[in-house]
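Working notes for the structure below.
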Amino acid sequence: MGTITEAQRKWLQQLGVDTAVAVAVAEPESELVKAGSSGDPAPGAADEYEAPSPDPPVTGGKVSLNPRFKPELPYKLDPSYFLEQAEKEEKEAKETLVKMNKALADVKAFVANMPQDQMVRSSYAQIMTEVRKRFPEAAGLSQWVKTTENRVPSLKGKLPSAKALMEVVQKEVKTRGAELGWSLSTGKNPGTVNSDRLLAAYMSELPAGVTVQISGGVVQLSLEGAALAVATPAGQADASADKKGGSILLKNDDFSVQVKTEWADFDPELRGEWKKVNDQASTVLKLKADRDKAKLELEHKKKSGEEITADMTVDLEKKEAEFNLAWKKLQEQVTVTAKATEEKISASVRYLKKDKNDKDAVKAGLDAEVDLKAMQGTVKAFVATPTIEAALQVTAAADKVAAKLELTAVKSGVVVTANFERALDETKAAIEVMTKDGKTKLAAELKKKADDLSAKIKLVHETKDLKLAAELEKTLKEVRGSIELEYAKGNTTLKGGVTGSTTGEVGGKVQIDIALKNGRTFTGGSDKLSFAANVSTKGYKFEVAFSMGEPVETASLQDLFKDADAQIKALYKLAGDKGVRSIEDAQALNAKMQEVMASVNDTAKKAKTLKKKSEIQASFGFSIEGDWPAGGKAAPPAAMFGVTIRFG
Amino acid sequence: MSLLQALNLPVPPSLGSAAAAKQPADAKSAASGKAAPAAKSGKLLEAAEAWRRTHDEAQARVEALKTAVMSHCADSPAPLVKEIDKGLLKLDAVLKTVDQRLADALATAGGAADGAAMQSELAKAKAIVTEYGNYVKGEPLVAHMDRNPFGTKPGLQALLADGLSRAAKAIG
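Listed in order, the protein sequences are those of chains A and B. The first sequence begins at 44 in our numbering and counts up one residue at a time. The second sequence begins at -5 in our numbering and counts up one residue at a time.
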């Protein structure tokens, strides 16, 4: 490994590599024909490199299949080859530009032709969600513009703005007077309007794979991807923890803390039923979008006089049928679940109000009654005008009342911690074995955590604080994960027979495979932005959270997601690295993985936030109604795995 | 060839003269195409195998070059490493063009049932050799790899030219 020399840089450039992306590389020369050697050449390599000369010397050779075939001719690098590559790139960019412009025109037409009743009930975020689904090319516009500006400078000035998608949607919405209508008819407050616009603005500029949501003033973005299969010296990576050979086997995997309620009228499955309805509504929405897209395409073809094939008509009919079927099912589900819910909640209300001396219960009953009436109102509206939006409103209202009742039930219930305590006892026994095995330092750390868990579980009994219970479950999982990891590492050394093993392999399993199989969570960020990258052989999830009060500019987020995607893939590639496969020490392996992910943390730290209202308006291109909420630090995204690697 | 001859049955004397009169014509026919010469077939099959080995060797050398470049640049900033990784993929174009079609054509010619089929397959193989030859000669990427400044000497042009030369010899 070493510095890239001038000759090497030129060689890479001639291969189409944009060496300008690197800061550590020497300043490029403008000519291709001169090959300097300003850096440290690779031993015996860079010095012998000569850049192509327009008139190279000729050497002899012997192959002669035909008079024109002289493979022994010396190398003559034809600059036109690379010019051709640049031209090809420009041509492709121009073709994509045509597609992008068409996609923007389609988006414009879609928003302009959106039925008025839909428009009235919609929002920027809903429209943008629909647009990203229908016109995936437009969803990638912002990043494409930024990349193309750099790669094809000749197109600068001809490309649309990186914010073009939001601009087009916003312009059409305003032209139709919908923005004003939304404020007047739906009684939206400025806070809702502003978060709606911010959400839509992010959606318009982030790649289609990134999901965006704003909840409780926190912007949450996430990207999920499949694990990368990496060829290893022994074949394909097959990461799995070698638990069988361990001297410690943790059996009690159920360590959930539950609440048992004597409240017979409360049905804990209620919220689950509504979740199913909500999922069905999402399916219907998707099917509707698919059908509408097919319909729009057909109409577009009709208008432009293009040929309409039988396949297209059949496809539309199929989509129409699928939608109708799903929609019918949803209507039935809403009706049936709503009826059952009304009965159950009415019973719950009666139960809560029966003892007038129990003021808390009576208050909860009255509250539930109000929410029940609100829910009944949405059901009535749905029956009168059955639309998907109305179905979603019923779902939301039902979830609200069910959630409140669940909380009330928890307060009146009994905390059941038998499974948790059994698992904790087992864990403590394992820690004792660790101590006897001489793993005293780690054992002491874990014992402290286990004792802390014992103390806090008592608190859960008293307070019935399910949030705290969830934290305890998580901590216990982490402690057990550390034990398993330590013993998996121990197996590697013991079974290998020698502590100085150069392969780190045990029965085909190595530490990196085990680590990726068990999963690692990387957390970090800055004082304004937090991220969590959860990586395992099942796939990865990269999440970012920050306060809406101080939003992160889109370019920074684009960089962050791009970098995270690349580094997570690099992390998977470690499984194919001989050196990494020989690492036996868990700490050293974690350090190596941290090293790979470090650039994500650096990029996160560099992320620029927008502090002032004026900055936000200018950056996203929308006007802000009223005051923008105050900034703060959002809670970091959830860690999914027992072993968390934190950046300081 | 008569049905009796084809079935290896003795030809009755009454038909013997007619068969004898026909013999020179059949012999001529066999020489021109019926029985493919066994020695030639063997040579062609060997040449097919040789080209496969040449191609595999070339592939290994390209991979070695890529590894050398990536190892040398591993400490570079992440965006540059990504760019290089992407750039190196372009090298694969060479062995996607100069591929195994030649081995397939040589093997088909070597396994041909008769002389005519062999000649037809040899014509195809010859065309492929010409195509590869022109490519190896004219494609800047081949020489670009050979003259890399990363300390490896793939010698691709020579390797491929040598392989082609041997294939050409076998074709005749």
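Note that beta-carbon positions come from the ideal geometry of N, C-alpha and C, so glycine has one too. The structure displayed is predicted, hence computed values, not measured ones.
Q) Rounded to a whole number of angstroms, what is the C-alpha to C-alpha distance between P672 (chain A) and K319 (chain A)? A) Position 629 of the first sequence, counted from the start, is the residue given in the question as residue 672 (chain A). Position 276 of the first sequence, counted from the start, is the residue given in the question as residue 319 (chain A). Answer to the nearest angstrom: the Cα atoms are 34 angstroms apart.
Q) With burial defined as no fewer than 16 other Cβ atoms inside 10 Å of the residue's Cβ, what is the status of D468 (chain A): buried or exposed? A) Counting from one through the first sequence, the residue named residue 468 (chain A) turns up at place 425. Flag for D468 (chain A) reads exposed.
Q: Can you pull the chain B residues whose beta carbon is under 8 angstroms from the beta carbon of D354 (chain A), in chain order?
A: Against the first sequence, residue 354 (chain A) aligns to sequence position 311. Those do not exist, as D354 (chain A) stays about 34 angstroms from chain B at its closest Cβ, beyond 8 angstroms.
Q.
For the pair the stretch 141 to 160 of chain A and the stretch 169 to 178 of chain A, tell me if three or more CB-CB distances fall below 8 angstroms.
A. yes
Q | R689 (chain A) in three-state terms, based on DSSP | A | Indexing the first sequence from 1 puts residue 689 (chain A) at position 646. Residue state, collapsed to three classes: strand.
(Q) Does the CB of L614 (chain A) have a neighbour CB from chain B at under 8 angstroms? (A) Along the first sequence, read from residue 1 onward, the residue named residue 614 (chain A) stands at position 571. False, the Cβ-Cβ gap to chain B never drops below 8 angstroms.
Q: Say whether chain B places a C-beta atom closer than 8 angstroms to the C-beta of D620 (chain A).
A: The residue you call residue 620 (chain A) lines up with position 577 of the first sequence. It does not; no Cβ of chain B falls within 8 angstroms.
Q) Got a sec: is the Cβ-Cβ distance from T326 (chain A) to anything in chain B below 8 angstroms? A) Sequence index remark: in the first sequence, residue 326 (chain A) carries index 283 (1-based). Not an interface residue.
Q: Decide yes or no for the touch test of the stretch 632 to 652 of chain A against the stretch 595 to 613 of chain A: beta carbon pairs closer than 8 angstroms, at least 3 of them.
A: yes
Q. Ordered along the chain, which non-local residues of its own chain (more than five positions away) have a Cβ less than 8 angstroms from that of N633 (chain A)?
A. Along the first sequence, one-based indexing puts residue 633 (chain A) at 590. Contacts found: A558, R563, V686 and I688.
Q: Ignore the nearest five residues each way along the sequence and tell me which others in K338 (chain A)'s own chain have a CB closer than 7 angstroms to its CB.
A: Taking the first residue of the first sequence as position 1, residue 338 (chain A) is located at position 295. Setting aside the 5 residues that flank it on each side, K338 (chain A) is surrounded in the same chain by L359, each with a C-beta closer than 7 angstroms to its C-beta; the list follows chain order.
Q) Pick from B:H49, B:R46, B:R160 and B:K84: whose alpha carbon is nearest that of Q56 (chain A)? A) Taking the first residue of the first sequence as 1, we reach residue 56 (chain A) at position 13. Ranking the options by Cα distance to Q56 (chain A), first place goes to B:K84.
Q: Taking all protein chains shown into account, decide if N400 (chain A) is buried (16 or more other Cβ within 10 angstroms of its Cβ) or exposed.
A: Within the first sequence, residue 400 (chain A) is the residue found at index 357, counting from 1. Burial call: exposed.
Q) On the three-pair Cβ rule with 8 angstroms, is the stretch 609 to 618 of chain A touching the stretch 576 to 589 of chain A? A) yes
Q: Check the Cβ-Cβ distances between A609 (chain A) and every residue of chain B, and say whether any is below 8 angstroms.
A: Numbered from its first residue, the first sequence carries residue 609 (chain A) at position 566. Nearest CB-CB separation between A609 (chain A) and chain B: below the 8 angstroms threshold.
Q. Which residues of chain B have a Cβ atom closer than 8 angstroms to the Cβ of S642 (chain A), listed in chain order?
A. Counting from one through the first sequence, the residue named residue 642 (chain A) turns up at place 599. Correct list: A72.
Q | Sequence-distant residues of the same chain with beta carbon closer than 8 angstroms to P515 (chain A), five excluded per side | A | Position 472 of the first sequence, counted from the start, is the residue given in the question as residue 515 (chain A). According to the sequence displayed, residue 515 (chain A) carries Leu and not Pro. Correct list, in chain order: V300, F463, L496, K499, I500 and V503.
(Q) Buried or exposed for T483 (chain A), going by 16 or more other Cβ atoms inside 10 Å? (A) Looking up residue 483 (chain A) in the first sequence gives position 440. An exposed status is given to T483 (chain A), since fewer than 16 other beta-carbon atoms sit within 10 Å of its beta-carbon.
Q: Could you tell me which chain A residues have their CB closer than 7 angstroms to the CB of G193 (chain B), listed as they occur along the chain?
A: Chain B is shown only over -5 to 166; residue 193 (chain B) falls outside these bounds and no answer can be derived.
Q.
Short of 7 angstroms Cβ to Cβ, which residues in the stretch 179 to 211 of chain A face chain B?
A. none
Q: Report the three-state DSSP secondary structure of I351 (chain A) (helix, strand or coil).
A: Here the question's residue 351 (chain A) lines up with position 308 in the first sequence. DSSP places I351 (chain A) in coil when its eight states are reduced to three.
Q) Across which residues does DSSP place T483 (chain A) in a beta bridge pair? A) Locating residue 483 (chain A) in the first sequence gives position 440, where the first residue counts as 1. Paired residue(s): none; T483 (chain A) is not in a bridge.
(Q) Could you check whether the Cβ of E77 (chain B) sits closer than 8 angstroms to any Cβ belonging to chain A? (A) Taking the second sequence and counting its residues from 1, one reaches residue 77 (chain B) at position 83. It does: the Cβ of E77 (chain B) has a partner Cβ on chain A nearer than 8 angstroms.
Q | Short Cβ contact (8 angstroms threshold) for A629 (chain A) with L528 (chain A) | A | For this step, residue 629 (chain A) is matched to residue 586 along the first sequence. For this step, residue 528 (chain A) is matched to residue 485 along the first sequence. Yes, the pair counts as a contact, with Cβ atoms nearer than the cut-off.
Q: Under the assumption that D606 (chain A) contacts V643 (chain A) (Cβ atoms under 8 angstroms), give the Cβ distance between them as a whole number of angstroms.
A: On the first sequence, position 563 is the one that residue 606 (chain A) refers to. On the first sequence, position 600 is the one that residue 643 (chain A) refers to. Indeed they touch by this definition, with Cβ atoms about 5 angstroms apart.
Q: Measure the CB-CB distance between A381 (chain A) and L395 (chain A) and report whether it falls below 8 angstroms.
A: As a first step, residue 381 (chain A) is located in the first sequence; it is residue number 338 there, counting from the start. As a first step, residue 395 (chain A) is located in the first sequence; it is residue number 352 there, counting from the start. Contact: no.
Q.
Only counting the same chain, and skipping five residues up and downstream in sequence, which positions put a Cβ closer than 8 angstroms to that of L74 (chain B)?
A. Position 80 of the second sequence, counting from 1, holds the residue named residue 74 (chain B). Here the set comprises C67.
Q. So, does the CB of A19 (chain B) fall closer than 8 angstroms to a CB anywhere in chain A?
A. Reading the second sequence from its first residue, position 25 is the one you call residue 19 (chain B). Bear in mind that a pLDDT of 40 at A19 (chain B), under 50, signals an unreliable position, so the number given afterwards is only what the model happens to contain. Chain A contact via Cβ: absent.
Q. Should V64 (chain A) be flagged as near chain B, meaning a C-beta pair shorter than 8 angstroms?
A. Translated into the one-based positions of the first sequence, residue 64 (chain A) becomes position 21. Chain B contact via Cβ: present.
Q.
Can you list, in chain order, the residues of its chain with a C-beta nearer than 7 angstroms to that of A155 (chain B)? Leave out the 5 residues immediately preceding and following it.
A. Translated into positions along the second sequence, residue 155 (chain B) becomes position 161. When the five nearest sequence neighbours on each side are left out, the beta carbons in the same chain lying within less than 7 angstroms of the beta carbon of A155 (chain B) are those of V130, in order along the chain.
(Q) I'd like the list of long-range same chain contacts for A383 (chain A), defined as Cβ closer than 7 angstroms, with 5 residues on each side in sequence excluded. (A) Mapped onto the first sequence, residue 383 (chain A) falls at position 340. Hits under 7 angstroms: none found.
Q | Separation of S204 (chain A) from T254 (chain A), as counted between CA atoms | A | Within the first sequence, residue 254 (chain A) is the residue found at index 211, counting from 1. Within the first sequence, residue 204 (chain A) is the residue found at index 161, counting from 1. Computed Cα separation, rounded: 22 angstroms.
Q. So which residues on chain A does K84 (chain B) lean against when the C-beta distance must stay under 7 angstroms?
A. Taking the second sequence and counting its residues from 1, the one referred to as residue 84 (chain B) is at position 90. Listed along chain A, the residues sitting closer than 7 angstroms to K84 (chain B) by beta-carbon distance are L58 and G59.
Q | Contact set for E248 (chain A): own chain, Cβ-Cβ below 6 angstroms, skip 5 residues either direction | A | On the first sequence, position 205 is the one that residue 248 (chain A) refers to. Residues S185 and T597 of the same chain have their beta carbon placed closer than 6 angstroms to that of E248 (chain A), with the five preceding and five following residues left out of the count.
Q. Taking the continuous beta strand (DSSP E) assigned at F604 (chain A), which residues delimit it?
A. For the purposes of this step, residue 604 (chain A) is taken as residue 561 along the first sequence, with counting starting at 1. Taken as a continuous stretch (DSSP letters only), F604 (chain A) belongs to no beta strand (DSSP E), being part of the alpha helix (DSSP H) at T597 to K616.
**Q.** Short Cβ contact (8 angstroms threshold) for E115 (chain B) with A107 (chain B)
**A.** Within the second sequence, numbered from 1, the residue matching residue 115 (chain B) stands at position 121. Within the second sequence, numbered from 1, the residue matching residue 107 (chain B) stands at position 113. Between E115 (chain B) and A107 (chain B), the C-beta gap is not smaller than 8 angstroms, which leaves the two residues out of contact.
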